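Trainee: Take this structure, written in structure tokens, and hold onto it; I'll ask about it next.
Protein chains: 2
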Amino acid sequence: MEFLTGVKKKETMELSEILKDGREGQRIKVNGAVHAVRDMGNVVFVILRKREGLLQCVYEEGAAGFGLSGLKEESTVMAEGILTRNEKAPHGLELSLRGLEILSQPAEALPIPIAKSKLNTSLETKLNLRPISLRNLRERAKFRIQEGVVRGFREFLTEQGFTEIHTPKLGSKGAEGGANIFKLEYFHRPAVLAQSPQFYKQMMVGVFDRVFETGPVFRAEKHNTKRHLNEYTSLDFEMGYIDGFEDIMAMETGVLQRIMKVLTEQYREELELLGVTLPGTEQIPMVRFDEAKRLVSEKYDRPIRNPYDLEPEEEALIGRYFQEEYGADFVFVTHYPSKKRPFYAMDDPETPIFTLSFDCLFRGMEITTGGQRIHDYHALLEKIEKRGMTAEGMESYLSAFRHGMPPHGGLGIGLERLTMKLLGEDNVRETTLFPRDLSRLEP
Amino acid sequence: MEFLTGVKKKETMELSEILKDGREGQRIKVNGAVHAVRDMGNVVFVILRKREGLLQCVYEEGAAGFGLSGLKEESTVMAEGILTRNEKAPHGLELSLRGLEILSQPAEALPIPIAKSKLNTSLETKLNLRPISLRNLRERAKFRIQEGVVRGFREFLTEQGFTEIHTPKLGSKGAEGGANIFKLEYFHRPAVLAQSPQFYKQMMVGVFDRVFETGPVFRAEKHNTKRHLNEYTSLDFEMGYIDGFEDIMAMETGVLQRIMKVLTEQYREELELLGVTLPGTEQIPMVRFDEAKRLVSEKYDRPIRNPYDLEPEEEALIGRYFQEEYGADFVFVTHYPSKKRPFYAMDDPETPIFTLSFDCLFRGMEITTGGQRIHDYHALLEKIEKRGMTAEGMESYLSAFRHGMPPHGGLGIGLERLTMKLLGEDNVRETTLFPRDLSRLEP
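Protein sequences, first through last, are from chains A and B.
Here my numbering = 1-based position in the first sequence + 4.
Here my numbering = 1-based position in the second sequence + 4.
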């Protein structure tokens, strides 16, 4: 009988192993995709793309002892050679080839020059050719950064006593109710796709006190803007036993601080490749909704058109204001008008037309919506009634409150939008692996 | 201007802080839900449910200096008192109450006695009352274990150089094709819900070499069994530059080893509460599909009815066989028949009616399907044609192969099913937070 006992070390090396001190002069094996072939006449440079970066291989017919004819870009290979110092090569090392085994061959040449440092094709082309365009080092680096964001989020919350949950995306009623919900048939019954894990994460506060989830949410919004998607990854948390909604903002501040720490420590190469300067998260200003409107109206001489709404242009100006006045990249805007928030938002007892809720703006764009929720069963029923809504279909959600819930609140962060602002991109599709919008369901 | 600077330490303590040495005799504050109230006449025990476990509070009218009348189970409270040694209390400590602030009150008493150590209600009732029944300590512990499984999976793969990805669940065509796909309308176009991230994770192997995803998948299967769900969490990975499909099984072995390590080290209390003995993962036997059928047929005197299919009963017998013969909880069954595998599975060049694929059985039930995939563009087209399928709708997927892909393979693990077998449950709904099946869309 044969047994598997775990992962065995391979003969082939990854870049981080190759770059360890003392490898110079060693004969090593390495695999990778042929990112570029540069024939200089007397030598040929074969640039291998590996998951941690590029490795320059140099082919000299005499030294190599084998032919190179017909080697195509995007072949995958197993190369063997001697590590040699070359200050002009990436990382200061190159592989002097002694052998090359072809593992796979492409059937056709690339439609776009992915080996260029920056793809200068349109966003539309990049998205149409996503499986190929992501092979460009800058393009793929964006999603390494995105990974780091999620890691920071999970790592911090786990340390803070949160439990990760997996809630269903198929249900019989949407959390926020109303329009913008994708509908489908589920074994001859009507079903919807979750707009958010809101109801579920609240119910789970009664079980675990603190929960988080990182998963897809679906919005059938007919927006066609640079910042909207119809499916995105939501980083959600919900926490009980709060003393006030400041606790939620404090937790988000901690999350953001950890994300920046993880990126600084573990994604340095990607940050450098993209030329990204991380935002400050030491202290994040907090301003009331009405006050924020007044401040930017005065400073930028812009009349307030609607006292109960924040236009994207106003968000941008609030971002600018706090950057100019306080050097802040993030700002919490608090006390949103009640009528702009869902029924479960807790109204401010002092001025009930406002809520104990907030948005977090990052460089002038909303990346988070959060706040304290109503935890009292009767208060919740009252709010539902006041809104002219029906409790039908919300029985399970309401049962959690009927049988006792601690004071609690939480938030949702749009992962792709946070990544977009972090990287200074101007379209959320740039930082979405496979975007879904009004006109795009493929690839 | 006010600023948020991160998470501040609260006055209230969590259980792990309370249990630190030297706290005895201290006056502390603690919040929690009133799990049970036990009136013994001269004293009243108030059991607080906290996220890390239970804390016994003892109320004596004289010492407390306040009244306790009307305190309801499932109220949430902030309790103050003096920590006192009591060997009969959970963890050997109890809180002698000096003050009690009620944070929230339930509107109605509980429909089921959740404070019992084991809920003896039917599964149906537990599921109907999910937000409440999960407040039972054993019920919630299952999902703490589930969290640990996911952490082990991610932690190990991240160390092994995998990148986490988030792929869309809405698309225009399913990965495996055919039936069992939920359909919906997407802005006047037909769309489907992803049965698996298969196509996307393969495409991303061309970008990152190694990728993983933990997310929901949707199967419109009309099965109503103890082991099927219509929505579940799939733990997927895909890896390039493999030398053979053994590499994938070796990686899964490493994943399973790490999961058991994480559970042992960080979820000890939950394991004890549930009385779980973790399975051995040191060495996992590997047996060919046809050989496995022959072995159990001989040992258990059971005729082979269909040489190309594995019935659930046969899976159970294979599990039993390897438990009896080798003391193994897991077994890899390899070389599944080609006609039982999707088109992208790589056929075994030696006997093309079988594939270089496998299932991992855990205590007699399939928890993983994986294998090597076809990486050559022409071979893939050929297989599609041979199956009488059309390449229409797969253009993006195929483009990755047209422009070069390394040899690769991967797998998908059903999280809920793995948790079920780990905990010795006999219905996957027991280990699904909010199950979706033929008859259940709520809660």
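Glycine residues also receive a C-beta, built at the ideal position from the N, C-alpha and C atoms.
As the structure is a computational prediction, the values presented were derived from the model and not from experiment.
Please report how far the alpha carbon of A/K297 lies from the alpha carbon of A/Y190, in whole angstroms.
Mentor: As a working mapping, residue 297 of chain A is identified with position 293 in the first sequence. As a working mapping, residue 190 of chain A is identified with position 186 in the first sequence. Rounded to whole angstroms, A/K297 to A/Y190 spans 45 Å at the Cα level.
Trainee: With 8 Å set as the bound, which would you pick, yes or no: does the beta-carbon of B/K205 sit closer than that to a beta-carbon of chain A?
Mentor: Taking the first residue of the second sequence as 1, we reach residue 205 of chain B at position 201. No, B/K205 lies away from the interface with chain A (no Cβ there is under 8 Å from its Cβ).
Trainee: Go to A/K187, then tell me how far its beta strand (DSSP E) extends in each direction, as first and last residue.
Mentor: Here residue 187 of chain A refers to the residue found at position 183 when the first sequence is read from its first residue. Following the DSSP letters along the chain, one finds A/K187 inside the beta strand (DSSP E) bounded by residues K187 to Y190.
Trainee: Quick one: which chain B residues come within Cβ less than 8 Å of A/V11?
Mentor: Position 7 of the first sequence, counted from the start, is the residue given in the question as residue 11 of chain A. Neighbours of A/V11 on chain B, chain order: Q164, A254, M255, T257 and G258.
Trainee: Taking just the CA atoms, how far does A/V34 sit from A/E84?
Mentor: Indexing the first sequence from 1 puts residue 84 of chain A at position 80. Indexing the first sequence from 1 puts residue 34 of chain A at position 30. Their Cα atoms are separated by approximately 6 Å.
Trainee: So the candidates are B/G279, B/L299, B/G152 and B/H170; which of them puts its Cα closest to the Cα of B/R265?
Mentor: Position 261 of the second sequence, counted from the first residue, corresponds to residue 265 of chain B. For the record, residue 265 of chain B in the displayed sequence is Lys; it is not Arg. Closest by alpha carbon: B/G152.
Trainee: Starting from the beta carbon of A/T171, find every residue of chain B whose beta carbon is closer than 8 Å, and list them in chain order.
Mentor: Here the question's residue 171 of chain A lines up with position 167 in the first sequence. Result: L437 and F438.
Trainee: Check whether the Cβ of A/K187 lies closer than 8 Å to any Cβ atom in chain B.
Mentor: Position 183 of the first sequence, counting from 1, holds the residue named residue 187 of chain A. Yes, its Cβ sits closer than 8 Å to a Cβ of chain B.
Trainee: Spell out a yes or no on whether the region 228-241 of chain B and the region 98-114 of chain B are touching, meaning 3 or more CB-CB pairs, one atom from each, closer than 8 Å.
Mentor: no
Trainee: Please report the straight-line C-alpha distance between B/H39 and B/I118, rounded to a whole angstrom.
Mentor: Here residue 39 of chain B refers to the residue found at position 35 when the second sequence is read from its first residue. Here residue 118 of chain B refers to the residue found at position 114 when the second sequence is read from its first residue. Distance between the alpha carbons of B/H39 and B/I118: 8 Å.
Trainee: Measuring alpha carbon to alpha carbon, tell me which residue in A/L59, A/R367 and A/E143 is nearest A/A93.
Mentor: As a working mapping, residue 93 of chain A is identified with position 89 in the first sequence. Nearest C-alpha to A/A93 among A/L59, A/R367 and A/E143: A/L59.
Trainee: Taking B/H379 as the query, report the chain A residues whose CB atoms sit under 8 Å from its CB, ordered along the chain.
Mentor: Counting from 1 along the second sequence, the entry for residue 379 of chain B is found at position 375. Neighbours of B/H379 on chain A, chain order: S108.
Trainee: Give me the Cα-Cα distance between A/L239 and B/V41, rounded to the nearest whole angstrom.
Mentor: Start at 1 with the first residue of the first sequence, and residue 239 of chain A comes out as number 235. Start at 1 with the first residue of the second sequence, and residue 41 of chain B comes out as number 37. For A/L239 and B/V41, the distance between alpha carbons rounds to 37 Å.
Trainee: By the 10 Å Cβ neighbour count, where 16 or more other Cβ atoms means buried, how is B/D430 classified, buried or exposed?
Mentor: Translated into positions along the second sequence, residue 430 of chain B becomes position 426. Result: exposed.
Trainee: Taking the alpha-carbon of B/Y271 as reference, which of A/E315, A/T162 and A/F347 has the nearest alpha-carbon?
Mentor: Locating residue 271 of chain B in the second sequence gives position 267, where the first residue counts as 1. The candidate whose alpha carbon is nearest that of B/Y271 is A/T162.
Trainee: Have a look at the DSSP bridge pairing and note the partners of A/Y63.
Mentor: Within the first sequence, the letter at position 59 stands for residue 63 of chain A. BP columns for A/Y63 point to A/V48.
Trainee: Specify whether the region 300-307 of chain B and the region 319-331 of chain B touch according to this definition: at least 3 beta carbon pairs, one from each stretch, less than 8 Å apart.
Mentor: yes
Trainee: So B/F241 contacts chain A; which residues on that side make the cut at Cβ distance below 7 Å?
Mentor: Position 237 of the second sequence, counted from the start, is the residue given in the question as residue 241 of chain B. Simply none; closest approach about 12 Å.
Trainee: Which of the three DSSP states, helix, strand or coil, is assigned to A/Q206?
Mentor: Translated into positions along the first sequence, residue 206 of chain A becomes position 202. In the structure shown, A/Q206 sits in a helix (DSSP, three-state: H, G or I).
Trainee: In the DSSP assignment, find the unbroken alpha helix (DSSP H) run with B/F293 in it and report its ends.
Mentor: The count along the second sequence starts at 1 and reaches residue 293 of chain B at position 289. Unbroken alpha helix (DSSP H) run through B/F293: F293 to K303.
Trainee: Taking the straight line between their C-alpha atoms, what separation do you get for B/A113 and A/M207?
Mentor: Locating residue 113 of chain B in the second sequence gives position 109, counting from the first residue. Locating residue 207 of chain A in the first sequence gives position 203, counting from the first residue. About 17 Å.
Trainee: When the Cα of B/S200 is compared with those of B/F70, B/P194, B/I185 and B/G210, which residue comes out closest?
Mentor: The residue given as residue 200 of chain B occupies position 196 in the second sequence. Closest option to B/S200, Cα to Cα, is B/I185.
Trainee: Which chain B residues are close to A/G213, counting only those with a beta carbon under 8 Å from its beta carbon?
Mentor: What you label residue 213 of chain A is simply residue 209 of the first sequence in a count that begins at 1. Looking at the sequence shown, residue 213 of chain A is not Gly but Asp. Residues of chain B passing the Cβ test: K54 and R55.
Trainee: Report all residues from its chain with a CB closer than 8 Å to the CB of A/G165; omit the five preceding and five following residues, and keep chain order.
Mentor: Taking the first residue of the first sequence as 1, we reach residue 165 of chain A at position 161. Closer than 8 Å at Cβ, skipping near neighbours: D213 and R214.
Trainee: Give me whichever residues DSSP pairs with A/V38 in a beta bridge.
Mentor: Here residue 38 of chain A refers to the residue found at position 34 when the first sequence is read from its first residue. Answer is A/L52, bridged to A/V38.
Trainee: For B/E370, list the residues DSSP reports as bridge partners.
Mentor: On the second sequence, position 366 is the one that residue 370 of chain B refers to. DSSP, once it has assigned bridges, lists B/L365 as partnering B/E370.
Trainee: At 4 residues or longer, what runs of the alpha helix (DSSP H) sit wholly inside the region 388-412 of chain A?
Mentor: Here the runs fully enclosed are 399-406.
Trainee: From B/T9 to A/A37, what does the alpha carbon distance come to, in whole angstroms?
Mentor: Here residue 9 of chain B corresponds to residue number 5 of the second sequence, with the count starting at 1. Here residue 37 of chain A corresponds to residue number 33 of the first sequence, with the count starting at 1. Between the C-alpha atoms of B/T9 and A/A37 there is a straight-line separation of about 45 Å.
Trainee: Please report whether the beta-carbon of B/Q261 lies at a distance below 8 Å from any beta-carbon of chain A.
Mentor: By 1-based counting over the second sequence, the position of residue 261 of chain B is 257. Cβ-Cβ to chain A under 8 Å: yes for B/Q261.
Trainee: Using DSSP bridges, identify the partner residues of A/G248.
Mentor: Translated into the one-based positions of the first sequence, residue 248 of chain A becomes position 244. A/G248 pairs with nothing; no bridge assigned.
Trainee: Would you verify that the beta carbon of B/S301 is, or is not, closer than 8 Å to some beta carbon of chain A?
Mentor: Here residue 301 of chain B is taken as the residue at index 297 of the second sequence, counted from 1. No, no contact with chain A.
Trainee: Tell me where the beta strand (DSSP E) around B/R231 begins and ends.
Mentor: Locating residue 231 of chain B in the second sequence gives position 227, counting from the first residue. Premise fails: B/R231 is in no beta strand (DSSP E) and is neither H nor E.
Trainee: How would you write the range of the beta strand (DSSP E) that A/V215 sits in, first residue to last?
Mentor: On the first sequence, position 211 is the one that residue 215 of chain A refers to. Note, A/V215: beta strand (DSSP E), R214 to F222.
Trainee: Nearest chain A C-beta to B/M290 closer than 8 Å, yes or no?
Mentor: Your numbering for residue 290 of chain B matches position 286 in the second sequence. Output row for B/M290: interface = yes.
Trainee: What does A/M393 touch in chain B if you count any residue whose Cβ is under 7 Å from its own?
Mentor: Locating residue 393 of chain A in the first sequence gives position 389, counting from the first residue. Under the 7 Å cutoff, chain B gives no residues; its nearest Cβ is about 18 Å from A/M393.
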